[in-house]
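According to the working numbering, the sequence shown is numbered sequentially starting from 949.
Glycine included, each C-beta is placed from N, C-alpha and C at the ideal position.
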Amino acid sequence: SWRAAEADEFGELVISHGVAGMIPVNLFTQFKVGLKYALLLLWPLNQSVDHGVPFEAGFPGLGAIVGIVFTLGLGALFFVCRRIAPLVSLAIAFFLAPLSLFYFVPAADVMVERRLYLPLAGFALMTGSAFCPISNLFATHNAENRKWKKIFCLSSLWD
């Protein structure tokens, strides 16, 4: 089975690198996985039970480096949006906080969908907050339209 093969690869890496040596391997692998999760949320093509994400042993590849830049960019956006757009900042926190836990906790299964449950809430908040300014373009400012605008923005939170 693919899970057994993945666990074997993880076990071999632990034996060859040691437990302390697995920290950078896992860190770079999870940066790549976080980027892949974000791309799959934006463009859900080629969904699979096994995404085939190999461990990043040695010098990090392009996917891990882009994942580092993506994660640092989201972290910077979190701090920039704290006062300007707190809902966006909350959405980023919901997306990054659960995923970043696995940056430091090694796991044999590199990329599984069950790790996306809480980050999906952040993604839904981000999508809903993006629809609110769009709905402002089409709404006049009477009480009836404001009610429908709120319903539209809240309904975009439920997937």
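In this model, Val962 and Phe1071 are separated by some 33 Å (Cα to Cα). The C-alpha of Ala1078 lies about 28 Å from the C-alpha of Ile1013. Judged by DSSP in its simplified three-state form, Gly966 adopts helix. If you ignore the 5 residues before and after Phe976, its C-beta comes within less than 6 Å of the C-beta of Glu1004, Pro1008, Ala1012, all in its own chain and listed in chain order.
Excluding the 5 residues flanking it on each side, Val973 has same chain C-beta neighbours closer than 7 Å at Leu961, His965, Phe1003, Glu1004, Ala1005, in chain order. For the pair Met1059 and Arg1031, the Cα-to-Cα distance works out to about 33 Å. Take the alpha-carbon of Ala1033 and the one of Leu1073: they are about 12 Å apart.
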